[in-house]
Amino acid sequence: MKYMIMMFGCVGASMQTRTPEWITGLHHLVQKLDAELREAGELVAGQPLVDPSRAKTVWFRNGAPVPTDGPYAEIKESLAGYWIVEASEARAVEIASQVVAYTEQPMEVRQVMDEPAQL
Amino acid sequence: MTVNAAHRVEDLLRELVPQVLGTLVRRHGQFDACEDAVQEALLAAALQWPAEGLPDRPRSWLLAVAGRALVDQWHSESARRRREQTVTALDPAARGPAAGDPAAGPDGAGQPTDQDDTLVLLLLCCHPALSPPSQLALTLRAVGGLSTAEIAVAFLVPEATMAQRISRAKQRIRTAGARFELPPEPERAQRLGVVLHVLYLMFNEGYTTSSGPALHRADLTGEAIRLTRLLHRLLPGEGEVAGLLALMLLTDARRAARTDADGAIVPLDEQRRELWDTAAIAEGITLLTSTLGSVPVGPYQLQAAIAAVHDEAPTAEQTDWPQILALYDVLAQVAPGPVVTVSRAVALAMVHGPTAGLALLGTLDADGRMAHTHRLHAVRAHLLERAGDTAAAHECYLRAARMTASLPEQRYLTLRAAQLRPPAPPADPAG
Chain L
567 MKYMIMMFGC VGASMQTRTP EWITGLHHLV QKLDAELREA GELVAGQPLV
617 DPSRAKTVWF RNGAPVPTDG PYAEIKESLA GYWIVEASEA RAVEIASQVV
667 AYTEQPMEVR QVMDEPAQL
Chain X
17 MTVNAAHRVE DLLRELVPQV LGTLVRRHGQ FDACEDAVQE ALLAAALQWP
67 AEGLPDRPRS WLLAVAGRAL VDQWHSESAR RRREQTVTAL DPAARGPAAG
117 DPAAGPDGAG QPTDQDDTLV LLLLCCHPAL SPPSQLALTL RAVGGLSTAE
167 IAVAFLVPEA TMAQRISRAK QRIRTAGARF ELPPEPERAQ RLGVVLHVLY
217 LMFNEGYTTS SGPALHRADL TGEAIRLTRL LHRLLPGEGE VAGLLALMLL
267 TDARRAARTD ADGAIVPLDE QRRELWDTAA IAEGITLLTS TLGSVPVGPY
317 QLQAAIAAVH DEAPTAEQTD WPQILALYDV LAQVAPGPVV TVSRAVALAM
367 VHGPTAGLAL LGTLDADGRM AHTHRLHAVR AHLLERAGDT AAAHECYLRA
417 ARMTASLPEQ RYLTLRAAQL RPPAPPADPA G
């Protein structure tokens, strides 16, 4: 089964009060986890996204699509990056827990829907 | 076969690719079909040559195998071929009855040379009807001889995506009615400019990835240098070709010092200069001196000259900033633009102090072209830091960090910001 592990927030919001050591520690943790998931063959996909403040949201207003600057959700609730892993739910939760233990920020784990293979 | 010998086979194959493809397209037309056939021949060679040794005439071997692949393709798709032949715009220019006949005779006298073919191929792959990502991909495949899978890895996209991108690109070229011949003289300089820009993008894509985890992907920088070297051999008199090659060599020379063991960015003034590649620097400087003064000076030559001044400084403190500023002044005349202004502001700050640099940056605030790049904010942050305005520098570093799409740069900028803060209070557990 595949699970998407989602991280939220943005550089401005979560990094502003952190020490250089804390930031370096987070980078090391994420890099190490990423490498482990890759090596174990658990990682299906994963990408960090640019800061949510750079998002555009396309609204439907007065009968037409209207793009505006900024994310749909609040910045700290906006998607910042994700991993998709081939693993059990327990394992996916365990992976997320390793990051949450460090950042003290929530992460979401959600199963990816099955779809027939594309030929 | 030793690793070295395997490398030699690969080098030879990659060198022969544009020649073989050029010959094939001249004989048969149909750039897209020929391109696929050459890829098949490359694959066959990569399997056979290391095991059985080099054939006596590698080029003829590849031509024969590619020719057979083309015939097979035609047999299996003969109905489709007839349909395509009537619409194909890419038949060989001024070609006689041999077009479409795989048994066409050997190259006769008065034939265009391999050199011409390679240049025509480059110009074709960098056709203005294609988007830059397509130009890059097609150039890497048709001229560089990389497989679709290799190109997909370099650009971090699925192979199916890259295959589709390449096939669409070839389709577009056909639709645009491009011919396998040199563009008419009035267009040529402009078309060569596009080729140089594509090679420049290829180098940059590899050197500072616009996205993705690693700061430089050596394959793309290496390939960009190889292809630019090839172009320089074809057009030794073109100052900007030499300039671009010199710029790449002088920039790539610092590669080993540009990141630390963790993959984090090391800024130029903190790099361990003993790690710089002195051979590449020497080659770049030789190239540059051979062209400077002898031709009208262009932006690539000027950027190379600036890189050379940096590379020649034994320490960051000994950098000849007045010389760099003078070169930026010329560059701002020859190729004005906001990106040049930002770099010039750095040189200005180094010569006349951070306030002068900041004042120049201020002229860019209203420039919409800079609205989506982090570089203006990053440079401003550096200058504010040097000017002692820590609070504003901190804010600017964070703003730059929010804007960049490069993960290593984001890390670097976030760290610079954090280093400017007084020791932080204990983190608020509620976030």
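Note that the protein sequences, when read in sequence, are chains L and X.
So the mapping is simple: my numbering equals the position in the first sequence, first residue as 1, plus 566.
So the mapping is simple: my numbering equals the position in the second sequence, first residue as 1, plus 16.
All C-beta atoms in this analysis are idealised placements derived from N, C-alpha and C, irrespective of residue type, glycine included.
> Excluding the five sequence neighbours on either side, which residues of its own chain have a C-beta within less than 8 Å of the C-beta of A446 (chain X), listed in chain order?
Replying inline: Confidence is the limiting factor: at A446 (chain X) the pLDDT is only 49, short of 50, which leaves the residue's position unreliable and the question unanswerable from this model.
> Can a CB atom of chain X be found closer than 8 Å to the CB of D617 (chain L)?
Replying inline: Yes - at least one Cβ of chain X is within 8 Å of the one on D617 (chain L).
> Taking Cβ-Cβ distances below 8 Å as the criterion, which residues of the stretch 603-630 of chain L are in contact with chain X?
Replying inline: For the stretch 603-630 of chain L, which is checked against every Cβ of chain X, the residues closer than 8 Å are P614, V616, D617, S619 and R620.
> Apart from the five residues just before and just after H23 (chain X), which ones in its own chain have a Cβ nearer than 6 Å to its Cβ?
Replying inline: Contacts found: none.
> With burial defined as no fewer than 16 other Cβ atoms inside 10 Å of the residue's Cβ, what is the status of R432 (chain X): buried or exposed?
Replying inline: Under this definition R432 (chain X) is a buried residue.
> If V665 (chain L) sits next to M572 (chain L), beta carbons under 8 Å apart, how far is it from one beta carbon to the other, in whole angstroms?
Replying inline: Actually they do not touch by this definition, with Cβ atoms about 11 Å apart.
> Taking just the CA atoms, how far does E640 (chain L) sit from M673 (chain L)?
Replying inline: Taking the CA atoms as reference points, M673 (chain L) sits about 15 Å from E640 (chain L).
> Are P330 (chain X) and R289 (chain X) close, meaning C-beta to C-beta below 8 Å?
Replying inline: Yes, the Cβ-Cβ distance between P330 (chain X) and R289 (chain X) is below 8 Å.
> For L70 (chain X) versus L40 (chain X), is the C-beta spacing smaller than 8 Å?
Replying inline: No. Outside cutoff.
> Are the CB atoms of G314 (chain X) and G259 (chain X) nearer to each other than 8 Å?
Replying inline: Yes, Cβ-Cβ distance for G314 (chain X) and G259 (chain X) is below 8 Å.
>> List, from N- to C-terminal side, the alpha helix (DSSP H) runs of 4 residues or more that fit wholly inside the stretch 331-402 of chain X.
In response: Listed in chain order, the alpha helix (DSSP H) elements of length 4 or more contained wholly in the stretch 331-402 of chain X are 337-350, 354-368 and 370-378.
> Should I301 (chain X) and A269 (chain X) be called a contact, given that it needs their Cβ atoms to be closer than 8 Å?
Replying inline: Their beta carbons are not under 8 Å apart, which means I301 (chain X) does not touch A269 (chain X) by this criterion.
> Who are L609 (chain L)'s beta bridge partners in DSSP?
Replying inline: The partner list for L609 (chain L) (beta bridge, DSSP) reads L:V651.
> Of the residues L:H593, L:M581, L:A606 and L:P633, which one's Cα is nearest the Cα of V651 (chain L)?
Replying inline: It is L:A606.
> Three-state secondary structure (DSSP) at F574 (chain L)?
Replying inline: For F574 (chain L), the secondary structure class from DSSP, reduced to helix, strand or coil, is strand.
> Could you give the distance in angstroms between the alpha-carbon of T583 (chain L) and the alpha-carbon of T623 (chain L)?
Replying inline: So the two alpha carbons sit approximately 28 Å from each other.
> Does the beta carbon of T371 (chain X) sit closer than 8 Å to a beta carbon anywhere in chain L?
Replying inline: Put simply, the CB of T371 (chain X) is far from chain L, with every gap to its CB atoms at 8 Å or more.
> Where do the ends of the beta strand (DSSP E) carrying V624 (chain L) lie?
Replying inline: The continuous beta strand (DSSP E) containing V624 (chain L) extends over residues K622 to R627.
> By how many angstroms is the C-alpha of A407 (chain X) removed from the C-alpha of E256 (chain X)?
Replying inline: For E256 (chain X) and A407 (chain X), the distance between alpha carbons rounds to 43 Å.
> Closest by CA to R676 (chain L), which one among L:A658, L:T669, L:A667 and L:E670?
Replying inline: Of the residues L:A658, L:T669, L:A667 and L:E670, the one whose Cα lies closest to the Cα of R676 (chain L) is L:A658.
> Name the DSSP beta bridge partners of I281 (chain X), please?
Replying inline: In the DSSP output, where bridge partners are listed per residue, I281 (chain X) has X:T275.
> Can you find a CB in chain L that lies within less than 8 Å of the CB of M386 (chain X)?
Replying inline: Not an interface residue.
> Considering only residues of the same chain and omitting the five flanking positions on each side of R188 (chain X), which have a CB-CB separation below 7 Å?
Replying inline: If we look at R188 (chain X) and ignore the five residues flanking it on each side, its Cβ neighbours are A145 and L146.
> Using DSSP with H/G/I as helix, E/B as strand and the rest coil, what is P633 (chain L)?
Replying inline: In this structure, P633 (chain L) counts as strand in the three-state DSSP scheme.
>> Any C-beta of chain X within less than 8 Å: which residues of the stretch 581-596 of chain L qualify?
In response: Per Cβ criterion, the list reads M581, Q582, T583, R584, T585, P586, W588, I589, T590, H593 and H594.
> So M567 (chain L) is in the alpha helix (DSSP H); what residue range does that whole segment cover?
Replying inline: Counting along the chain, M567 (chain L) falls outside any alpha helix (DSSP H), and DSSP gives it neither H nor E.
>> Within the continuous alpha helix (DSSP H) that includes Q287 (chain X), where are the two ends?
In response: For Q287 (chain X), there is no enclosing alpha helix (DSSP H), as DSSP gives it neither H nor E.
> Within the chosen definition, does the stretch 31-40 of chain X reach the stretch 172-189 of chain X through at least 3 CB pairs nearer than 8 Å?
Replying inline: With a cut-off of 8 Å, the stretch 172-189 of chain X and the stretch 31-40 of chain X do not count as touching, because too few Cβ pairs lie within range.
>> Once the 5 residues before and after V395 (chain X) are set aside, which same chain residues still bring their CB inside 7 Å of it?
In response: If the five residues before and after V395 (chain X) are omitted, its C-beta is found closer than 7 Å to the C-beta atoms of V358, A361, V362 and L377, all from its own chain and listed in chain order.
> Alpha carbon to alpha carbon, how far is M679 (chain L) from K568 (chain L)?
Replying inline: Straight across, the Cα-Cα distance linking M679 (chain L) with K568 (chain L) is about 8 Å.
>> Would Q64 (chain X) pass as an interface residue toward chain L - the criterion being a Cβ-Cβ separation below 8 Å?
In response: Not closer than 8 Å to any Cβ of chain L, the Cβ of Q64 (chain X) fails to qualify, so no.
> Which bits of chain L does M419 (chain X) rub up against, with CB to CB less than 9 Å?
Replying inline: Near M419 (chain X) (Cβ distances below 9 Å), the residues of chain L are V616, D617, S619 and R620.
> Taking buried to mean at least 16 other C-beta atoms within 10 Å of its own C-beta, is V632 (chain L) buried or exposed?
Replying inline: By the 10 Å Cβ count, V632 (chain L) comes out exposed.
>> Between the stretch 155-175 of chain X and the stretch 191-209 of chain X, can you find at least three pairs of beta-carbon atoms closer than 8 Å?
In response: As far as the Cβ criterion goes, the stretch 191-209 of chain X does not touch the stretch 155-175 of chain X, which means the pair count is below three.
> Taking D327 (chain X) as the reference, which of X:D345, X:Q349, X:E299 and X:G253 has the closest Cα?
Replying inline: Nearest of X:D345, X:Q349, X:E299 and X:G253 to D327 (chain X), Cα basis: X:E299.
> Is the shortest distance between the beta-carbon of A434 (chain X) and the beta-carbons of chain L less than 8 Å?
Replying inline: With 8 Å as the cut-off, A434 (chain X) counts as an interface residue toward chain L.
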